Amino acid sequence: MRFWLVALFVVPLWASDIEWTLRALLDRQTFDKNRTFIVGGLFRNPQLYYDEYGIDYPKILAKLKENGLLKLTTQSPRAFRIHIQANDAPIFVTRSVQNVLKALGYYYATPVQAEFVDGNYRLVMLMNAESALDPVSFINEIRKYGYRVSEIVRENDTSWRYVIALQYPKLPEAIALEYDVEVSNGNLQGEYWYAVNRQGGILQFAPLDGGAISPKVALYDASLRLVSVQNPQKSGGVYRLKLNTDVVFVRLSDEHSPAAIKTGIRTVLQQ
334 MRFWLVALFV VPLWASDIEW TLRALLDRQT FDKNRTFIVG GLFRNPQLYY
384 DEYGIDYPKI LAKLKENGLL KLTTQSPRAF RIHIQANDAP IFVTRSVQNV
434 LKALGYYYAT PVQAEFVDGN YRLVMLMNAE SALDPVSFIN EIRKYGYRVS
484 EIVRENDTSW RYVIALQYPK LPEAIALEYD VEVSNGNLQG EYWYAVNRQG
534 GILQFAPLDG GAISPKVALY DASLRLVSVQ NPQKSGGVYR LKLNTDVVFV
584 RLSDEHSPAA IKTGIRTVLQ Q
C-alpha cells in the first residue's frame, strides 16, 4: 500500500517538471496549440526523460526536433542573446563559452555583459545570425570543457538562458598526462597544453629534434587562473619543472619564436 502511495505522488512530480521544462523550451503559441500531443503523447512517460542529474535535456530536445516542434530559424538575420549562468570563475566560463560558439560557427559572438557576485557568474553573449543557437549542439560542445547543462529557458525568440555546472575542468586541446607515460606530439602553432589534474610531480620535456629552445611554461589552476610563469633551464638534455598540486593545466611555448618548438615536444610527468 505504501509503495502505491509513493508512486502516485512521484509520477505527478515527474510530469509537472517535464511540462514546466517543455514550456520553457518552446514558444508559448507552439506549446499551447500542441499541448495534448506534446504532454499526453510524446512525453506521456515523463520518467523516461530523466538522467542521474535530473532533467535529460538532450533526450527531450531530440524528441522535440524529431517532431518539428523546436523552431530556431528566423526569416532574416537577427540579434540573438545567450545568457549563461554558472557557479564558477569567470575566466574559465568565458573562455569555454567563446570557444564553443566559435566551434559552432558563431565567430563574431561578443560578450556584452558580465557580472560576478557571490560566486555566481552571469555572462551575456550577443550574435547576429539567422537562427538561434542549437541547444543540443551547445550541450555537446560545452560538455568537452567539463560542463553539464542543468537548465535551459527560452525567454523569447531571440533570447535563451543556459545554467551550466562544472563537473571537472577540461580543455579539449590539452593532452592528459599520466605518471611515467611519455607523450610526443607536434603543434604548428608552437603551443602545447597539458592537463595534469592536480597530481603534482616533475614535468620533464625536450624538443623532438634536439634543437635549442627557450621554453616558457605557464601554470594554471582549475579555473584557468595563472599560478606562475616559469623558464626552466636545460639539464642533462631535458628541461625539468616541479608542479605543485594546485596546478591543473600547463601551457608550453617558446619565449622567442613558436617555430622553435612546432616540430614536436617529448613530455613526461614523473612523481
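For the sequence shown, this note's numbering begins at 334 and goes up steadily by one. Heads up, the beta-carbon is just placed ideally off N, CA and C, and yes, glycines get one too. Owing to the predicted nature of the structure, the values given are computational and were not obtained by experimental measurement.
Beta-carbon gap between residue i and residue j smaller than 8 Å
i	j	result
Val-516	Leu-552	no
Leu-499	Tyr-480	yes
Gln-603	Ile-535	yes
Arg-355	Phe-370	According to the sequence shown, residue 355 is Leu rather than Arg. For Leu-355 and Phe-370, no; Cβs fall outside 8 Å.
Pro-505	Ile-594	no
Glu-474	Val-514	no
Trp-493	Ala-465	yes
Ala-422	Ser-556	yes
Thr-578	Gly-533	yes
Leu-437	Ser-470	yes
Selected residue, minimal CA-CA separation from residue i, among the options
i	options	result
Ile-546	Ala-528, Val-560, Leu-536, Gly-570	Gly-570
Val-529	Gly-543, Leu-510, Gln-522	Leu-510
Gly-597	Pro-548, Asn-432, Asn-420	Pro-548
Ala-643	Pro-502, Gln-522, Leu-403, Tyr-439	Absent from the structure is residue 643, since the part of the chain shown begins at 334 and ends at 604.
Tyr-386	Val-482, Val-580, Lys-575, Gln-566	Val-482
Lys-575	Trp-353, Val-601, Asn-367	Val-601
Gln-446	Glu-352, Leu-381, Met-458	Met-458
Phe-449	Lys-435, Gln-418, Arg-476	Gln-418
Ile-393	Glu-484, Gln-563, Gln-408, Phe-538	Glu-484
Ser-590	Glu-524, Lys-435, Pro-565, Arg-414	Glu-524
Asp-467	Tyr-501, Ser-568, Tyr-441, Pro-391	Pro-391
Arg-312	Gln-408, Leu-397, Tyr-512, Tyr-441	It is not possible to answer for residue 312, since the shown part of the chain is limited to 334 through 604.
Whole-angstrom distance between residue j and residue i, CA atom to CA atom
i	j	result
Thr-443	Asn-378	40 Å
His-416	Val-496	8 Å
Asp-350	Asp-542	59 Å
Tyr-454	Met-460	20 Å
Ala-357	Arg-531	39 Å
Ile-424	Val-560	13 Å
Val-486	Gln-362	16 Å
Leu-359	Val-372	12 Å
Gln-522	Arg-368	52 Å
Ser-586	Thr-427	23 Å
Thr-406	Asn-420	30 Å
Asp-389	Ile-472	11 Å
Arg-599	Phe-538	5 Å
Glu-352	Gln-380	12 Å
Lys-477	Tyr-572	30 Å
Val-562	Tyr-382	46 Å
Asn-400	Ala-592	51 Å
Leu-402	Asp-365	12 Å
Glu-588	Glu-488	47 Å
Lys-404	Asp-384	25 Å
Asp-554	Asn-520	23 Å
Asn-564	Asp-451	36 Å
Tyr-527	Asn-518	11 Å
Lys-567	Val-550	13 Å
Lys-503	Ser-429	9 Å
Residue i (DSSP reduced to helix, strand or coil)
i	result
Gly-438	coil
Asp-365	helix
Asp-350	helix
Ser-590	coil
Leu-338	Because Leu-338 sits at a pLDDT of 41, beneath the cut-off of 50, its placement in the model cannot be relied upon, and the following sentence gives the value as read from the coordinates. Three-state DSSP puts Leu-338 in a helix.
Tyr-570	Sequence inspection shows Gly at residue 570; the Tyr mentioned does not correspond to that position. Gly-570 falls in the coil class under three-state DSSP.
Glu-399	helix
Val-344	Confidence at Val-344 is low in this model, with a pLDDT of 45, below 50, so the placement of that residue should be treated as unreliable; the coordinate-derived value is given next. Here Val-344 sits in helix by DSSP.
Lys-575	strand
Arg-377	coil
Leu-499	strand
Val-601	strand
Tyr-386	coil
Leu-585	strand
Distance cut-off 7 Å: residue i Cβ against heavy atoms of the ligand GTP
i	result
Val-486	This structure simply doesn't include the ligand GTP, nor any ligand for that matter.
Every unbroken alpha helix (DSSP H) within the segment 521-567, with a cutoff of 4 residues, ordered by chain: Taken in chain order, the complete alpha helix (DSSP H) segments of 4 or more residues contained in the segment 521-567 number zero; there are none.
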